Amino acid sequence: MVGTSRGSNRTVRLLLALTVAVAATTAVGPAAATETASTDLTTGATEAFVVNVTEQGDATVALRLTFDLSSDGERRAFEAVDDDRENVSRRFAERIDRVASQAGERTGRSMAVRNATVHVSTDDGGATGVVTIAATWTNLAVVEGDRLTVGAPFASGFEPDRAFVVRGPTGYTFDEANPTPDAVDGRAAAWSGGASLEGFSATFAPAASAADADGDSADGTATSAPTPLPGVLVTALAGAVLLAVRRRATNKD
């Protein structure tokens, strides 16, 4: 029971850490360390909150968590999510869709969340469990001509405790952002965990037009008011996995 409780609590804290700053972060294993920003997301064992934007302004939002499988508590939590992927993805979609609806009301853009999935795998020769919860978020970015700007709901109260990465579509390049990213690589920009993203915006433009720009780039700030993130989105992200973990842990006991 002790190992199960620690694993369940760690899962919730990880989810919270990826959305807002948490005074007391994860107390189990190496996850307590703050992730450094990197646009290289090919390493499956890297924790991050990733936003991949399409030309139409839709985006795939993905929350990636890692588990030290040598720890009994973390292994149980990882197995609990693996055993209940359908329920985790359904609850994640339902709750984060509420956030999208509120953001849509604030911005005047119709937003929705669909096609939630949970992908479970191992890395480092089976020593690390990787859980990626992803969903499609429609109309997340502001589309102005051929420029895309991501702002709400990340522009107010969003202070991730893991790396936060925003990537533009193929053929686009990063143009400008507020605050300045800690790492930029082509069409991707990243901010380190713990960075304050108050007033956040990130703009992407077609690679050709960005290369031809004379330095006077267009204002990439979204014209709509930001949607407060804490509370609502925290509950959405944490609740989806917490319920599944608790249910599986109870059944196993």
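For the sequence shown, our numbering begins at 969 and goes up steadily by one. Here a beta-carbon is modelled for each residue, glycine too, at the ideal position from N, C-alpha and C. In this text, all values refer to a predicted model and were calculated from it rather than measured experimentally.
- Around the beta carbon of Asp1143, a 10 Å sphere encloses 16 or more other beta carbons of the protein chains shown; the residue is thus reported as buried.
- With a minimum length of 4 residues, the unbroken runs of alpha helix (DSSP H) contained wholly in the segment 1038-1109 fall at 1040-1051 and 1053-1075.
- The bridge partners DSSP lists for Asp1150 come to none.
- Rounded to whole angstroms, the separation of the alpha carbons of Pro1174 and Tyr1140 is 4 Å.
- For Leu1033, the uninterrupted beta strand (DSSP E) run begins and ends at Ala1027 to Asp1036, by DSSP.
- Measuring C-alpha to C-alpha distances from Gly1162 to each of Ala1176, Val1134, Arg1135 and Arg1130 identifies Arg1130 as the nearest.
- For the set Asn1083, Glu1042 and Phe1035, the Cα lying nearest the Cα of Glu1062 is the one of Asn1083.
- Of the candidates Ser1089, Arg1053, Arg1044 and Ala1109, the residue whose Cα lies closest to the Cα of Ser1078 is Ala1109.
- From the listed residues Gly1094, Val1086 and Thr1075, the smallest Cα separation to Leu1037 is found for Gly1094.
- The Cβ neighbour count for Thr1148, taken over all protein chains shown within 10 Å, is under 16; the residue is labelled exposed.
- Taking every protein chain shown into account, the CB of Glu1042 has 16 or more other CB atoms within 10 angstroms, so this residue is buried.
- Comparing alpha-carbon positions, the option among Phe1132, Thr1028, Thr1022 and Thr1075 lying closest to Asp1114 turns out to be Thr1022.
- Partner residues in a beta bridge of Leu1165, as assigned by DSSP, do not exist.
- Distance from the CA atom of Thr1014 to the CA atom of Phe1035, rounded to whole angstroms, is 11 Å.
- For Ala1102, the closest of Val1056, Gly1025, Phe1122 and Ala1176 by C-alpha to C-alpha distance is Val1056.
- The beta-carbon separation of Val1098 and Arg1032, rounded to 7 Å, stays under the 8 Å limit for a contact.
- Going by DSSP, Phe1122 is part of no beta strand (DSSP E) at all; its letter is neither H nor E.
- For Arg1135, the uninterrupted beta strand (DSSP E) run begins and ends at Ala1131 to Arg1135, by DSSP.
- The distance from the Cβ of Asp1150 to that of Ser1164 is about 12 Å, inconsistent with a contact at the 8 Å cut-off.
- One thing to note: Val1133 has its Cβ within 8 Å of the Cβ of Val1018.
- When DSSP reads this structure, Pro1174 sits in a beta bridge with Tyr1140.
- Residue environment for Ser1169: buried (at least 16 other C-beta atoms within 10 angstroms of its C-beta).
- Between Glu1054 and the set Thr1171, Val1088 and Thr1138, the nearest pair of CA atoms involves Val1088.
- The DSSP-derived three-state label of Glu1023 is coil.
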